[in-house]
Amino acid sequence: MATIKHDLSNVQANKAYVLPNDLDRIKLKEALAKVTSNKANKHACVCEKCGSKVYRKITVADIAKEVGTTRQNLYSYIKLEKIELMRFLQLQKILKCQIVTEQDINIYSNYLKSLLLKGERV
1 MATIKHDLSN VQANKAYVLP NDLDRIKLKE ALAKVTSNKA NKHACVCEKC
51 GSKVYRKITV ADIAKEVGTT RQNLYSYIKL EKIELMRFLQ LQKILKCQIV
101 TEQDINIYSN YLKSLLLKGE RV
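The numbering used here applies: residue 1 is where the sequence shown begins, and numbers increase by one.
Next comes the structure, spelled out in structure tokens:
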């Protein structure tokens, strides 16, 4: 199961990361294959010329564009030891797979709240 870690060693970066394990990476690859397969739901677009709905297959490039990266980088993200939390959650949503659970997010949120409360007591 993926873990959420906060990098406190670099105050300027101040980012949270997901540390996916090998099983999580397999799930991401499978989800990517499923979303881009011919059997997957096709993406509805509006034709710029006539305004009618056009359905087309979702490609890895489409998903990469939605995440804000290139196709090659999208494949790299799946292989990384740690992925920035917000990017991972966005990727998880697009691929329609649940790796970081609501419980994981609640645990991390409680951790952040505890840090805020410690700051108030000082």
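Beta carbons are placed, not taken as given, at the ideal position from N, Cα and C, and that holds for glycine.
>> Here's a check: name, in chain order, each residue in its chain whose Cβ is nearer than 8 Å to the Cβ of I107, leaving out the five neighbours to either side.
In response: I4.
> Under a three-way DSSP split, which group does T3 fall into?
Replying inline: It is a strand residue.
>> For the alpha helix (DSSP H) containing V100, name the first residue and the last one.
In response: Element bounds for V100: n/a, residue is neither H nor E.
>> Please classify D24 as buried or exposed, where buried requires at least 16 neighbouring CB atoms within 10 angstroms.
In response: It is buried - the Cβ of D24 has at least 16 other Cβ atoms within 10 Å.
> For V35, which option in L91, M86, I105 has the closest C-alpha, if you only look at C-alpha atoms?
Replying inline: Ranking the options by Cα distance to V35, first place goes to L91.
> Considering only the beta carbon of each residue, do V60 and L80 sit closer than 9 Å?
Replying inline: No, the Cβ-Cβ distance between V60 and L80 is not below 9 Å.
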